[in-house]
Amino acid sequence: ACPDWPLCYGRFLPGQQMNVQVFLEWFHRLDAFVVGVALLVFVGVGVALRRRLPTWLPWMAALALGLVAFQGALGALTVTHLLASPLVTAHLATALVLVSLVSGVYQRLAMAPEVMAPEVMVPEVMVPEVMGPQVLDQSPAVPRWWQALAALALALVFGQCLLGGLMASQWAADQCLASGEACQWLLAHRQLALGAAGG
């Protein structure tokens with residue numbers, strides 16, 4: 203809907219060209235910018251508070267920021283290469299990996315018990331420990347079968363989304379209904395849907 207990047211019709215906010223499709227593309231870019239800023243803050247907080255956070259958290263924040271930068275580059279290439287199917291699919295795949303990573307970080311943090319550092323007793327004076335509150339880098343034990351099931355469900359949904367992206371970016375449904383071509387994408391998408399729904 204927007205033929206150029208990073209602007210849209212040469213402007214930050216296209217006026218005369220604004221319609222539903224242009225608004226959705228413009229809002230998609232605005233949303234990506236907000237996500238990028240949020241991840242910059244996440245990295246900043248992770249680095250600033252690294253002594254009070256699990257050791258893996260700043261690295262995951264940096265990885266998420268790298269993914270969103272790569273995602274932006276793929277978005278630019280998608281526009282400048284006129285929605286080439288491999289680029290559209292890679293753009294979608296990167297978004298799915300980013301969402302999975304951020305969701306995994308949230309779930310890991312939600313399961314980590316917080317423990318306040320004990321206070322050190324000094325005669326007639328209470329002095330708090332220098333380090334303050336600590337988050338233990340431990341999570342409750344999750345059964346291996348549950349982890350395997352969750353990984354399988356994630357892989358099935360990921361595959362289903364990628365097949366849907368490939369199918370849509372190649373106009374497979376239209377081609378299949380109109381001329382009987384590219385029906386293999388439509389069939390694969392439907393067949394994997396059963397597994398993804400079961401996962």
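Quick note on the working numbering: the sequence shown kicks off at 203 and runs consecutively. Glycine is no exception: its CB is placed at the ideal position from the N, C-alpha and C atoms.
Among residues of its own chain, excluding the 5 on either side of residue i, which ones have a beta-carbon nearer than 8 Å to its beta-carbon?
i	result
PHE244	ALA263, ALA266, LEU267
LEU364	THR291, LEU294, ALA295, LEU298
Need the endpoints of the alpha helix (DSSP H) that residue i sits in, please.
i	result
MET220	Note, MET220: premise wrong, no alpha helix (DSSP H); not H, not E.
TYR308	287-313
GLY361	346-371
PRO260	259-282
ASP376	374-381
Report all residues from its chain with a CB closer than 7 Å to the CB of residue i; omit the five preceding and five following residues, and keep chain order.
i	result
GLN309	none
CYS385	CYS378
SER287	LEU368, SER371, GLN372
GLN223	ALA203
On the CB-based measure, 16 or more other CB atoms within 10 Å of its CB, does residue i come out buried or exposed?
i	result
MET369	buried
MET328	Note that MET328 scores a pLDDT of 43, beneath 50, so its modelled location is shaky; the value from the coordinates is reported in the next line. Answer is exposed; the Cβ neighbour count stays below 16.
PRO345	exposed
VAL307	buried
THR280	buried
TRP387	buried
ALA343	exposed
GLY212	exposed
GLY274	buried
HIS391	buried
VAL270	buried
GLY217	exposed
GLN253	Checking the sequence, you will find Arg at residue 253 rather than Gln. Classification for ARG253: exposed.
ARG250	Arg is not the amino acid found at residue 250; the sequence shown has Ala there. Exposed: under 16 other Cβ atoms inside 10 Å.
Which residue wins for smallest C-alpha separation from residue i, given the options the options?
i	options	result
PRO260	LEU311, VAL224, GLU227	LEU311
ALA398	LEU276, LEU356, ASP376, ALA374	LEU356
LEU241	ALA343, ALA395, LEU300	LEU300
GLY361	ASP206, LEU215, ALA286, GLN393	GLN393
PRO205	ALA234, GLY277, VAL236	GLY277
GLU227	CYS210, VAL270, ALA271, LEU351	CYS210
TRP258	ALA314, ALA353, ALA352, GLN218	ALA314
ALA353	ASP376, GLU383, HIS391, LEU303	LEU303
LEU396	GLY382, LEU358, VAL249, GLU383	LEU358
PHE272	VAL237, ARG252, GLY246, GLY217	VAL237
LEU285	TRP207, VAL247, ALA250	TRP207
Taking DSSP's pairing of strands, which residues face residue i in a bridge?
i	result
ARG213	CYS210
Who are the near neighbours of residue i in its chain, counting only those whose CB is closer than 6 Å to its CB and skipping five residues on each side?
i	result
GLN219	TYR211
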